[in-house]
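Okay, so here's the structure we're looking at.
In the working numbering, the protein residues as written are 848 to 975.
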């Protein structure tokens, strides 16, 4: 096995991990939502929780897939065409990730501090 074959195999493992994260994360989101749907007290929140958990699984899977694309482009086929394809793929996935985050949070990322001021403050205060 040469270097390219090893890297290609590694990229395939990372891509598989991204897909598995999305599939298992989605299945887990539905498994968690099902008991909530069956209880009348939590039924109304079940949909919101399911959407949030599905969005998180998709976001994490997309981030892992971006890593695989970057590794493939940099190490396996570093041509101008492959870099342009990578740029398009990354832009599409970033837009998807951004829109999923807005969908899950219900607020633009730069406005998040208005909704939850505590979440936007760092846990560590600045040193003086």
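Just so it is clear, CB atoms sit at the ideal spot from N, CA and C, and this is done for glycine as well.
Keep in mind the model is a prediction, meaning the values are calculated, not measured.
For residue 849, the secondary structure class from DSSP, reduced to helix, strand or coil, is coil. Under the DSSP assignment, residue 932 falls in the alpha helix (DSSP H) whose first and last residues are 927-952.
Within the same chain, 889, 893 come within 6 angstroms of residue 883 by CB-CB distance, once the 5 residues on both sides are set aside. As summarised for the segment 848-908, the continuous alpha helix (DSSP H) elements at least 4 residues long and confined to that stretch are 850-885, given in chain order.
Between residue 940 and residue 909 the beta-carbon gap is near 5 angstroms, inside 8 angstroms, which marks them as a contact. Under the Cβ criterion (8 angstroms, minimum of three pairs), the segment 872-887 does not count as touching the segment 931-939.
Residue 923 is a Cβ neighbour of residue 854, given a cutoff of 7 angstroms. Cβ neighbours of residue 857 within its own chain (closer than 8 angstroms, five residues either side excluded): 918.
Within 10 angstroms of the beta-carbon of residue 861 lie 16 or more other beta-carbons, which makes it buried. Rounded to whole angstroms, residue 859 and residue 848 show a C-alpha spacing of 15 angstroms. For residue 955, the three-state secondary structure derived from DSSP is coil.
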